[in-house]
Every structure is written in C-alpha cells, then in structure tokens.
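Asker: Below is a structure I'd like to ask you about.
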Amino acid sequence: MADALAGPLPVPRPLPAGEPMAVADYRRLVGVLEAVDRATDLSAFQERLVRALQTWFGYAGVAVLHGRTLQEAVGSGCGVQGGYSPRFLADYAARWMDADPFRTERACRLLTAAGVVTLDEVAQDREYAERFLRPYGITDKAGMLIDAGPAGVLYVGMAVRDTPQVSVRDLTVLRTLRRHLTPLAADQLARHREQATARAEWRLTPREWEVARLAAQGLTNQRIADRLFIGVDTVKKHLGRALDETGCASRVELAALWRQP
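Quick note on the UniProt record's numbering: the sequence shown kicks off at 1 and runs consecutively.
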C-alpha cells in the first residue's frame with residue numbers, strides 16, 4: 001500500500017521542561033476565550049467574561065470595567081460586576097471606595113508595568129483588607145489590565161474566598177489569558193467608541209451613558225445599580241438626565257432610539 005503522506009510522521013511537540021501551566025490550565029484559558037469570542041457588543045463581552053472567570057477560576061466576585069484610560073476605568077467604574085452582594089456594594093460605595101488600593105496611582109503604575117497584580121502588591125497597609133474585605137469573606141484580590149491602545153482599556157478585578165490568596169498558578173494563567181484577550185477586547189472597545197461617537201450629540205457623562213444603555217436593554221433600576229456599584233436613587237437621577245437629553249418620554253422610547261443605527 002502506498003503512503004498518502006511523504007516524509008516521516010510528525011511527532012506532537014511536548015510541553016517544555018518546567019512548563020508552569022498544566023493541561024488543565026490551558027483548558028481554563030480556552031474555556032474563557034470560547035465564552036467571550038462571539039460576544040455581540042462590549043456589554044455582552046464584559047458579562048460573559050465575568051461569568052467565565054467565575055466558572056473556570058471559581059472567583060467569588062468579578063468586575064470588568066472599561067474606559068479610555070486605566071485611571072478612568074477604575075475611577076468611573078463603568079462596566080459590569082457579578083458575585084457581590086447588594087450589602088457589600090452599598091458598603092463599598094458609602095465607606096470604602098476612596099480607600100480601594102486598586103484605584104490608586106500606585107496600582108495603575110504596577111498594572112501598567114505587570115499587567116496582573118495582587119492586593120498585597122498594591123496595598124501599602126492592611127486596613128482595607130482587614131476592616132472591609134475579610135468581614136465579607138474575601139481573602140484576596142487580583143487586578144488585570146487589558147490595554148487595547150487607542151481603543152481604550154479593560155480593568156478586571158477578581159476576588160477570592162476560601163483560599164488565603166490568589167494562587168501563583170492562577171496568576172500565571174491570568175497573565176497568559178490577558179495576552180489572548182487583548183485583541184478581542186480591542187475590537188469590542190473600538191466598536192463601542194464608534195457607537196458613542198455616532199451619538200455624540202447626546203451630552204451624557206460616561207456614567208449616564210452606561211445607565212441609559214442598560215435601561216435600553218430592559219434592566220430594572222435595581223439591576224442597573226447592582227451592576228454599576230451605585231444606588232437606585234443615583235440610577236434614577238442618571239436615567240432622568242439621559243431621558244431629558246435624548247428627548248425620550250419613557251424607557252420604551254429610549255430602547256427604540258438605542259436600537260436605531
């Protein structure tokens with residue numbers, strides 16, 4: 001019988017000696033990428049990334065925020081979150097937001113340099129961890145920067161419980177995942193900016209824009225508040241401003257206007 005292929009049979013390439021990631025880690029990486037690669041817009045991309053990180057890594061809480069710069073992303077908090085209780089979010093907004101070590105210039109510098117950092121690396125003392133996070137069962141946090149250049153950035157915050165800290169193994173996988181997420185995030189952020197530019201006549205702040213977008217998708221005020229780390233009264237204020245600016249009399253009209261190209 002004649003051979004169909006010429007030359008010696010190829011041999012699968014083995015993992016290099018000392019490979020820090022196991023086969024299961026690559027499956028986690030692929031699982032997250034498969035979850036987000038067909039997202040229809042930035043909001044869906046963020047929501048799928050939240051769920052995928054919870055599913056494949058077991059993180060108790062995840063927030064995925066976006067902005068033109070890292071400072072804007074962590075400062076304005078535009079994006080989505082999952083896993084945090086309303087009580088935790090209310091306490092954070094009322095008492096601890098300004099003390100969050102991941103919102104500091106130091107954290108921004110470290111994230112820009114390293115891409116993925118832990119709470120111990122950005123916090124200069126243990127007060128935030130001991131007085132705020134631990135009473136809610138959170139033992140450690142990690143932050144990840146996905147820099148898409150002119151299109152903007154995504155900041156991903158992840159909280160763990162039931163383990164003392166984010167594992168070295170997880171950090172290794174997250175650093176690899178970050179590289180593969182970057183082109184996908186860049187595409188979503190670029191399309192999001194194009195949409196915002198097309199509606200530039202709407203003089204809305206980034207927060208008002210986020211509230212209007214979620215309201216147009218049919219979310220209740222409470223669900224919007226939970227996703228954006230703000231109170232229901234704040235949602236009502238921002239939504240009222242968005243309705244006035246767009247000339248809409250109701251959420252139904254806003255949703256119809258939002259669907260227009």
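Backbone N, C-alpha and C fix where the C-beta goes; we use that ideal spot for every residue, glycine too.
(1) Please go through the same chain and pick out, in chain order, the residues whose beta-carbon is closer than 7 Å to the beta-carbon of alanine 159, but skip the five residues on each side of it.
(2) Going by alpha carbons, who is nearest to glycine 152 out of Arg161, Leu174, Val168, Ala185?
(3) For alanine 215 versus arginine 251, is the C-beta spacing smaller than 8 Å?
(4) Per DSSP, valine 153 forms a beta bridge with which residues?
(5) Assign glycine 31 to one of three DSSP states: helix, strand, or coil.
(6) Do glutamate 245 and leucine 204 have their C-beta atoms within less than 8 Å of each other?
(7) What are the boundary residues of the beta strand (DSSP E) that glutamine 54 is part of?
(8) Determine which residues share a DSSP beta bridge with lysine 141 and list them.
(9) Evaluate contact between the region 79-99 and the region 227-247, counting only Cβ atoms and requiring at least three cross-stretch pairs below 8 Å.
(10) Using C-beta distances below 8 Å, list every residue in its chain close to arginine 223, excluding the 5 sequence neighbours before and after it, in chain order.
(11) Taking the continuous alpha helix (DSSP H) assigned at valine 122, which residues delimit it?
(12) Which runs of the alpha helix (DSSP H), 4 residues or longer, sit entirely within the region 177-234?
(13) Among Ala256, Gln217, Glu208, which one has its Cα closest to the Cα of lysine 236?
(14) With a Cβ-Cβ cutoff of 8 Å, do threonine 176 and methionine 21 count as a contact?
(15) By DSSP, does glycine 75 sit in helix, in strand, or in coil?
(16) Just to confirm before moving on: does the CB-CB distance between alanine 52 and valine 30 stay below 8 Å?
(17) So, with DSSP's three-state summary, where would you put valine 173?
(18) Can you round the beta-carbon distance between threonine 112 and leucine 70 to whole angstroms, since I take them to be within the 8 Å contact cut?
(19) Would leucine 9 and histidine 192 qualify as a contact pair, given that the criterion is a beta-carbon distance under 8 Å?
(20) If I follow the unbroken alpha helix (DSSP H) through glutamate 105, where does it start and stop?
(21) Whose C-beta lies closer than 6 Å to the C-beta of leucine 49 among residues of the same chain, with five residues either side of it excluded?
(22) Assuming contact is defined by CB atoms lying nearer than 8 Å, are glycine 143 and phenylalanine 102 in contact in what I supplied?
(23) Going by beta-carbon coordinates alone, are aspartate 100 and tyrosine 128 separated by less than 8 Å?
(24) DSSP beta-bridge partners for glycine 61?
(25) Glutamine 81: buried (16+ other C-beta within 10 angstroms of its C-beta) or exposed?
(26) Looking at the unbroken alpha helix (DSSP H) that takes in tryptophan 258, where does it start and where does it end?
Answerer: If we stick to the structure as given:
(1) Tyr59, Ala60, Gly61, Ile138, Lys141
(2) Ala185
(3) yes
(4) Gly67, Asp147
(5) helix
(6) Yes. Within cutoff.
(7) No beta strand (DSSP E) holds glutamine 54; the alpha helix (DSSP H) holding it covers 42-57.
(8) Ala159
(9) yes
(10) If the five residues before and after arginine 223 are omitted, its C-beta is found closer than 8 Å to the C-beta atoms of Leu214, all from its own chain and listed in chain order.
(11) 119-122
(12) 206-216, 221-228
(13) Glu208
(14) yes
(15) helix
(16) no
(17) helix
(18) 7 Å
(19) No, these two residues do not count as a Cβ contact at 8 Å.
(20) In the DSSP assignment, glutamate 105 falls within the alpha helix (DSSP H) that extends over 105-114.
(21) Val36, Val64
(22) yes
(23) Here aspartate 100 is near tyrosine 128, since their CB atoms are less than 8 Å apart.
(24) Its beta-bridge partners are Ala159.
(25) buried
(26) 251-259
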